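A short write-up of the structure that comes next.
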């Protein structure tokens, strides 16, 4: 009997730990939802060192999110929560209510568990009433009422031309699937929606990568040429890094920056899998475990950098909007720089068009202008400033994912970097020439040390 009691206590401790770890992760996820921008992916949050019970926590979060509309309806109808639970431990309440109504067991370790279990009868009774009101018999049917119809988006895969040519990949995949080439990106193949390729040999050996069409547009928009030196500013997990390497045809140098140590390993694994780490002596990928903002643009090591890809892993990180206005250097800082791509996985104007609008005068004063990559792409930037038609957007309702791309090019850039899939549009910029000529130092106050540093570089 004692042994059995100990087992129950240990199990309760594990459940309690998973509930609180899940609540912490859920708090970040819901905060991102409330701001209409993801602060981090669930998987990246789960794999943080602070989360010990990763498997249990991941399952609990996914199931709670799946049932969350029902959980909220039940809690509102039951009226059992006071201000303390609503404001301070809301996410933990959601997790525990999921366990009570749909899970297997609830540990009575914490105050929240004890409080909600005292109201178990009211919660279950309210759920039954909800089923009757919605005229459904099962919880599954109730969930379906809350689901948004799925956009019919096909499965995209990008062929890693470092290992395999597109036609060979097409022939291999056509042995088992219906496959066609994308009409915009030459290295992209289209398969039916829901096609599961996780265990396919071409995926496992790095010959193809499962990557959405929108995110696959960022590297071609930058259009790095063979022999160039390029910075991938926010590189992990590495899909765009190896895409850049493929576009450069194994010739040149890529500096791949990743701030988070735990993501550096993923980046290195992706590079190794792709074959980009075993290229010709004229090719090199250097992985830096640091914030790219710490790179000194006047360091001779970066004097030949011609292109920068700034694609934050999460546009809602709170830093992406400020990073772009930190990025644009003077001609003397990085004299060879010709192209900059800024992209996000956000659909919010404040993180996209508003950012570009705010930095465009700075960019133009130092010889850059917006270019229009993929002119045939119909979904462009919101018309909030002159030149926004150069920007690229993808619509989640139409394209299955939200994405944003802006391309800056130096006006006097050499013809070798011209991309047949882009056009350049000049806009009127009164006062810019005077700003260039005078470069008068004016007082500048900022709470961000890097903004102060960059200001000194530009002046």
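Residue numbers (the numbering used here): 1107 to 1565. Heads up, the beta-carbon is just placed ideally off N, CA and C, and yes, glycines get one too. Predicted, not measured: the structure shown is a model, and the values here were computed from it.
If we ignore side chains and look at the alpha-carbon of each, how far apart do residue i and residue j end up?
i, j, result
"residue 1521", "residue 1413", "Note that residue 1521 has pLDDT 46, beneath the 50 cutoff, so the model's placement of it is unreliable and the number below is only indicative. About 14 angstroms."
"residue 1501", "residue 1467", "27 angstroms"
"residue 1417", "residue 1346", "9 angstroms"
"residue 1205", "residue 1226", "11 angstroms"
"residue 1514", "residue 1406", "23 angstroms"
"residue 1302", "residue 1124", "30 angstroms"
"residue 1498", "residue 1441", "27 angstroms"
"residue 1126", "residue 1240", "32 angstroms"
"residue 1232", "residue 1180", "6 angstroms"
"residue 1219", "residue 1251", "29 angstroms"
"residue 1368", "residue 1228", "44 angstroms"
"residue 1390", "residue 1379", "15 angstroms"
"residue 1324", "residue 1348", "12 angstroms"
"residue 1221", "residue 1201", "13 angstroms"
"residue 1165", "residue 1152", "10 angstroms"
"residue 1150", "residue 1366", "11 angstroms"
"residue 1207", "residue 1171", "14 angstroms"
"residue 1289", "residue 1359", "29 angstroms"
"residue 1519", "residue 1456", "30 angstroms"
"residue 1307", "residue 1315", "11 angstroms"
"residue 1293", "residue 1266", "8 angstroms"
"residue 1161", "residue 1305", "21 angstroms"
Identify the continuous beta strand (DSSP E) that holds residue i and give its terminal residues.
i, result
"residue 1316", "1314-1316"
"residue 1267", "It is not in any beta strand (DSSP E) - residue 1267 carries neither H nor E in the DSSP assignment."
"residue 1301", "Neither: residue 1301 is in no beta strand (DSSP E) and is coded neither H nor E."
"residue 1413", "1411-1416"
"residue 1515", "1509-1516"
"residue 1362", "1358-1363"
"residue 1404", "Careful: residue 1404 lies outside any beta strand (DSSP E) and carries neither H nor E."
"residue 1478", "1474-1479"
"residue 1337", "1335-1338"
Does residue i pass the burial test, meaning 16 or more other C-beta atoms within 10 Å, or should it be called exposed?
i, result
"residue 1310", "exposed"
"residue 1471", "buried"
"residue 1458", "buried"
"residue 1338", "buried"
"residue 1490", "exposed"
"residue 1312", "buried"
"residue 1244", "exposed"
"residue 1381", "buried"
"residue 1277", "exposed"
"residue 1528", "buried"
"residue 1322", "buried"
"residue 1177", "buried"
"residue 1188", "exposed"
"residue 1436", "In this prediction, residue 1436 scores a pLDDT of 42, lower than 50, which makes its location untrustworthy; no coordinate-derived value is stated."
"residue 1444", "buried"
"residue 1503", "exposed"
"residue 1396", "exposed"
Report the residue from the options whose alpha carbon sits nearest the alpha carbon of residue i.
i, options, result
"residue 1343", "1316, 1323, 1374", "1374"
"residue 1517", "1476, 1511, 1510", "1476"
"residue 1483", "1352, 1397, 1218, 1327", "1327"
"residue 1264", "1151, 1287, 1148", "1287"
"residue 1332", "1324, 1319, 1350", "1350"
"residue 1056", "1334, 1367, 1250, 1464", "It is not possible to answer for residue 1056, since the shown part of the chain is limited to 1107 through 1565."
"residue 1268", "1491, 1353, 1166, 1488", "1353"
"residue 1320", "1198, 1486, 1137", "1486"
"residue 1462", "1480, 1481, 1495", "1495"
"residue 1135", "1174, 1158, 1161", "1174"
"residue 1449", "1315, 1266, 1292, 1340", "1340"
"residue 1299", "1307, 1262, 1317", "1262"
"residue 1392", "1370, 1404, 1402", "1370"
"residue 1464", "1249, 1505, 1492", "1492"
"residue 1399", "1203, 1279, 1362", "1362"
"residue 1403", "1336, 1230, 1505, 1275", "1336"
"residue 1186", "1197, 1224, 1129, 1297", "1224"
Would you kindly report the start and end of the unbroken alpha helix (DSSP H) that includes residue i?
i, result
"residue 1350", "1345-1353"
"residue 1504", "1502-1505"
"residue 1275", "1272-1279"
"residue 1445", "From DSSP, residue 1445 is part of no alpha helix (DSSP H) but of the beta strand (DSSP E) over 1445-1450."
"residue 1249", "1245-1252"
"residue 1572", "Not covered by the structure: residue 1572. The range shown for the chain is 1107 to 1565."
"residue 1368", "1367-1380"
"residue 1492", "That residue, residue 1492, is in no alpha helix (DSSP H); it is neither H nor E in DSSP."
"residue 1469", "1459-1471"
"residue 1307", "1307-1310"
"residue 1326", "1324-1328"
Looking at chain D, is there any beta carbon in it that lies within less than 7 angstroms of the beta carbon of residue i?
i, result
"residue 1172", "Absent from the structure: chain D. Only one protein chain is present."
Item to complete: Could you pull out every unbroken alpha helix (DSSP H) segment of at least 4 residues lying fully inside the region 1148-1231, listed in chain order?
Response: Within the region 1148-1231, the runs of alpha helix (DSSP H) at least 4 residues long that lie entirely inside it are, in chain order, 1148-1152, 1160-1184, 1189-1194, 1196-1207, 1217-1224.
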